[in-house]
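A quick write-up on the structure given underneath.
Chains as they are written, first to last, in my numbering: chain S, 206 to 362; chain G, 9 to 500.
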């Protein structure tokens with residue numbers, strides 16, 4: 206019985222509804238330190254939200270009891286896409302956007318999309334040239350520099 | 009005519025053409041919606057003046073539905089949620105070898121619809137202006153409340169989730185300095201958050217990130233090979249059909265304007281209402297759903313005329329009529345304009361330039377569509393994996409250019425997580441955005457109303473009318489939800 210309850214509670218939909226409930230609970234807690242006027246709107250928002258979120262948690266628990274909502278295959282594909290997405294931003298954080306675009310394009314197209322090395326390399330080169338020509342030279346848009354390039358070059362990109 | 013000359017000046021005209029080109033491709037690519045594209049392009053208008061910025065954004069948005077009809081007809085895949093009804097008769101026509109005729113009809117009727125929608129926007133200015141100029145903070149507060157009452161219509165299948173998302177939108181709108189004493193609220197000790205959250209980052213996270221992730225998950229090409237014939241003869245027969253059925257085209261266009269004017273009704277709803285009207289008044293209702301040219305004309309004319317309609321409440325009252333308009337409202341704030349009375353007096357040139365942008369962009373889009381139909385269709389076979397790195401580049405630059413701060417990217421990713429989870433667990437995103445955009449306006453006007461009038465503002469005549477309209481809007485939406493189930497799953 207206890208195990209079944211835990212399995213229900215660990216369903217993604219239930220967790221999301223619980224997170225919403227916790228968020229509005231935190232808002233109520235946080236508003237205690239605000240002036241009376243600044244409190245009005247957050248409290249007026251949080252109180253009905255807590256009630257509605259509690260209703261939603263119960264609904265999701267009931268829905269979870271009827272069966273799992275996520276197919277495992279769909280979950281694996283989604284996780285893979287999330288990992289690729291996270292990898293892109295990790296590379297941006299480390300090497301900066303100008304380096305991340307060709308690097309990620311090359312590896313993504315070769316490893317994930319199954320394109321040939323030559324085709325992936327051409328795409329990566331074009332993506333780098335496009336970024337440089339349009340955003341750096343033409344529009345003068347500042348790009349995230351990353352952690353490593355400033356350490357190596359000794360100045361901001 | 010002065011506004012037309014302004015739109016035709018450089019660089020406005022160039023940005024209009026660029027926007028149309030982007031909207032053109034996006035409309036053809038199923039899955040990349042107009043709202044997502046607006047979200048992606050919003051950061052690039054920071055340094056633009058208002059008219060060039062709207063020429064770029066509105067030009068892009070205005071043609072998305074026009075070209076979205078192309079894939080609806082050829083492949084039975086809606087390029088946009090608002091072009092779903094085009095499939096019902098357009099695709100059967102394509103399957104029986106009349107793709108060219110269906111495309112000719114849907115594109116030409118879209119053009120007629122766009123012109124009628126733009127004319128409605130222009131004509132509404134002298135009518136709406138005296139009304140808007142009488143508005144004081146209590147009336148603007150109630151307009152915010154009226155806009156929020158449409159959360160019901162935007163909530164999809166679950167009203168509780170819709171309201172929770174709207175309250176969440178209010179909450180994130182409160183981040184920053186409070187409007188009463190200027191003390192930090194929900195800033196977690198971060199100076200970065202004192203100015204509040206940027207609408208660009210919220211929009212990119214909520215709408216663009218989930219779409220990119222979806223594209224990365226799907227891996228295949230956007231349209232599947234071999235699902236339809238691409239014989240494109242009889243295009244001008246379709247144009248002639250539009251002229252022969254001109255009264256139907258005008259009626260359906262006016263339905264689009266009217267429904268577009270009512271915030272929260274949505275373009276998809278407008279299409280089905282116009283489609284139902286065309287079937288009711290047709291001499292051959294039995295042909296609908298099997299390749300009726302009248303069905304194609306109804307769907308085609310309404311999807312662009314509604315744009316003029318949705319812009320009216322956005323410009324005149326600051327109440328966005330749809331998700332795309334909520335994003336466009338963000339553009340107003342970025343270029344330093346406040347929707348409302350000023351748009352009908354001080355910035356009337358900007359409002360009228362919007363009229364011309366809608367007309368010109370649709371002329372451009374339809375003209376180019378007729379010239380390059382076959383080549384455009386080939387775009388739908390681009391693999392999603394080839395688009396993903398490019399879209400990642402755009403969202404990263406879009407986010408970073410907000411304040412040139414790495415925290416911009418972090419903020420966008422936080423909202424990306426919210427947007428992705430919302431899509432995955434079927435929580436509507438539009439109410440969150442609507443409440444975020446309207447939240448600040450509502451809180452400030454509540455403060456001003458109480459300061460100026462105490463609680464007596466509740467008795468003002470226009471306020472009472474707006475309270476009644478808000479309640480009617482909620483009741484109508486709730487009743488419609490219980491009696492109307494759309495035939496196709498529509499994007500929020």
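For glycine and all other residues, C-beta sits at the position ideal for the given N, C-alpha and C.
- Residues within the stretch 329–343 of chain S neighbouring chain G, beta-carbon criterion of under 9 angstroms: Those would be 329, 332, 335, 336, 340, in chain order.
- Query: Among residues of its own chain, excluding the 5 on either side of residue 44 of chain G, which ones have a beta-carbon nearer than 7 angstroms to its beta-carbon?
  - Reply: Your numbering for residue 44 of chain G matches position 36 in the second chain. Same-chain partners within the cutoff: 215, 216, 219.
- Would the beta-carbon of residue 376 of chain G fall within 8 angstroms of that of residue 207 of chain G? Residue mapping note: residue 376 of chain G aligns to position 368 of the second chain, counting from 1. Residue mapping note: residue 207 of chain G aligns to position 199 of the second chain, counting from 1. Contact flag unset, no.
- Query: Do residue 305 of chain G and residue 324 of chain G have their CB atoms nearer than 8 angstroms?
  - Reply: For the purposes of this step, residue 305 of chain G is taken as residue 297 along the second chain, with counting starting at 1. For the purposes of this step, residue 324 of chain G is taken as residue 316 along the second chain, with counting starting at 1. Against a cut-off of 8 angstroms, the Cβ pair of residue 324 of chain G and residue 305 of chain G comes out as no contact.
- Task: Give the straight-line distance between the Cα atoms of residue 372 of chain G and residue 28 of chain G, rounded to the nearest whole angstrom.
- Result: Looking up residue 372 of chain G in the second chain gives position 364. Looking up residue 28 of chain G in the second chain gives position 20. Spanning the two alpha carbons is a distance of roughly 8 angstroms.
- CB of residue 35 of chain G within 8 angstroms of CB of residue 81 of chain G, strictly: To locate residue 35 of chain G, count along the second chain from 1; it is residue 27. To locate residue 81 of chain G, count along the second chain from 1; it is residue 73. No.
- Message: Short of 7 angstroms Cβ to Cβ, which residues in the stretch 217–240 of chain S face chain G?
- Response: The residues in question are 217, 218, 221, 225, 232, 235, 239, 240.
- Message: Rounding to the nearest angstrom, what Cα-Cα distance links residue 61 of chain G and residue 262 of chain G in this structure?
- Response: Your numbering for residue 61 of chain G matches position 53 in the second chain. Your numbering for residue 262 of chain G matches position 254 in the second chain. When the Cα atoms are used, residue 61 of chain G and residue 262 of chain G turn out to be separated by approximately 28 angstroms.
- Message: Strictly below 7 angstroms CB to CB, what residues from chain G border residue 293 of chain S?
- Response: Stepping through the first chain from its first residue, residue 293 of chain S is reached at position 88. Those are 400, listed as they occur along chain G.
- Message: Would you say residue 308 of chain S lies against chain G (beta-carbon separation less than 8 angstroms)?
- Response: In the first chain, the residue the question calls residue 308 of chain S occupies position 103. No, residue 308 of chain S lies away from the interface with chain G (no Cβ there is under 8 angstroms from its Cβ).
- Applying a beta-carbon distance threshold of less than 8 angstroms, which residues of chain S neighbour residue 412 of chain G? Taking the second chain and counting its residues from 1, the one referred to as residue 412 of chain G is at position 404. What residue 412 of chain G touches in chain S, judged by beta-carbon distance under 8 angstroms, is 347, going in chain order.
- For the alpha helix (DSSP H) containing residue 180 of chain G, list its first residue and its last residue. Locating residue 180 of chain G in the second chain gives position 172, counting from the first residue. Residue 180 of chain G: member of the alpha helix (DSSP H) spanning 167–181, first to last residue.
- Item | Simplified DSSP state of residue 139 of chain G, which is helix, strand or coil | Here residue 139 of chain G is taken as the residue at index 131 of the second chain, counted from 1. DSSP places residue 139 of chain G within a helical segment (H, G or I) once states are collapsed to three.
- In whole angstroms, what separates the C-alpha of residue 452 of chain G from that of residue 404 of chain G? On the second chain, position 444 is the one that residue 452 of chain G refers to. On the second chain, position 396 is the one that residue 404 of chain G refers to. Across the structure, residue 452 of chain G and residue 404 of chain G are spaced so that their CA atoms are roughly 32 angstroms apart.
- Query: Between the stretch 135–155 of chain G and the stretch 469–478 of chain G, do at least 3 Cβ pairs fall closer than 8 angstroms?
  - Reply: Yes, since at least three Cβ pairs between the stretch 135–155 of chain G and the stretch 469–478 of chain G fall closer than 8 angstroms, the two stretches touch.
- Message: Against chain G, with Cβ distances strictly below 8 angstroms, would residue 300 of chain S count as a contact?
- Response: What you label residue 300 of chain S is simply residue 95 of the first chain in a count that begins at 1. Answer no: the Cβ-Cβ gap between residue 300 of chain S and chain G never drops below 8 angstroms.
- Query: What does DSSP give as the partner residues of residue 184 of chain G in its beta bridges?
  - Reply: Translated into positions along the second chain, residue 184 of chain G becomes position 176. Residue pairing by DSSP places residue 184 of chain G opposite G:193 in a beta bridge.
- Message: I need the straight-line Cα distance from residue 410 of chain G to residue 205 of chain G, nearest angstrom please.
- Response: Indexing the second chain from 1 puts residue 410 of chain G at position 402. Indexing the second chain from 1 puts residue 205 of chain G at position 197. Using only the alpha carbons, I get a separation of about 10 angstroms.
- Which same chain residues, not among the five before or five after residue 277 of chain S, have their C-beta less than 8 angstroms away from its C-beta? To locate residue 277 of chain S, count along the first chain from 1; it is residue 72. Interpretation of residue 277 of chain S is limited by its pLDDT of 47, a score under 50 that renders its predicted location unreliable; the figure taken from the coordinates is listed afterwards. Short of 8 angstroms from the beta carbon of residue 277 of chain S, and not among the five residues preceding or following it, lies no beta carbon of its own chain.
- Pair within 8 angstroms by beta-carbon distance, residue 15 of chain G and residue 361 of chain G: Taking the second chain and counting its residues from 1, one reaches residue 15 of chain G at position 7. Taking the second chain and counting its residues from 1, one reaches residue 361 of chain G at position 353. Yes; because the gap between Cβ atoms is below 8 angstroms, this pair is in contact.
- Evaluate residue 231 of chain S with the Cβ neighbour count: other Cβ atoms within 10 Å of its Cβ, from every protein chain shown; 16 or more gives buried, anything less gives exposed. Mapped onto the first chain, residue 231 of chain S falls at position 26. Residue environment for residue 231 of chain S: exposed (fewer than 16 other C-beta atoms within 10 angstroms of its C-beta).
- Which bits of chain G does residue 282 of chain S rub up against, with CB to CB less than 8 angstroms? On the first chain, position 77 is the one that residue 282 of chain S refers to. The answer, in chain order, is 225.
- In three-state DSSP terms, what is residue 103 of chain G? Locating residue 103 of chain G in the second chain gives position 95, counting from the first residue. If DSSP states are grouped into helix, strand and coil, residue 103 of chain G belongs with the helices.
- Message: Ignoring anything shorter than 4 residues, give me the alpha helix (DSSP H) runs that lie fully in the stretch 337–406 of chain G, in order along the chain.
- Response: Runs of the alpha helix (DSSP H) lying entirely within the stretch 337–406 of chain G, each at least 4 residues long, are 349–352, 356–379, 381–386 in chain order.
- Message: So that I know if they touch, is there some Cβ in chain S lying closer than 8 angstroms to that of residue 189 of chain G?
- Response: As a working mapping, residue 189 of chain G is identified with position 181 in the second chain. The Cβ of residue 189 of chain G sits closer than 8 angstroms to at least one Cβ of chain S.
- Going by other Cβ atoms of all chains shown within 10 Å of its Cβ, with 16 needed for buried, is residue 59 of chain G buried or exposed? Your numbering for residue 59 of chain G matches position 51 in the second chain. Buried is the call here.
- residue 304 of chain S: CB within 7 angstroms of a non-hydrogen atom of the ligand NAP: Within the structure as shown, the ligand NAP is missing, as the structure has no ligands at all.
- Query: So residue 299 of chain S and residue 353 of chain S are in contact, right, with Cβ under 8 angstroms, and what is the actual spacing, rounded?
  - Reply: For the purposes of this step, residue 299 of chain S is identified with residue 94 of the first chain, where counting begins at 1. For the purposes of this step, residue 353 of chain S is identified with residue 148 of the first chain, where counting begins at 1. With a Cβ gap of about 5 angstroms, residue 299 of chain S and residue 353 of chain S count as contacting.
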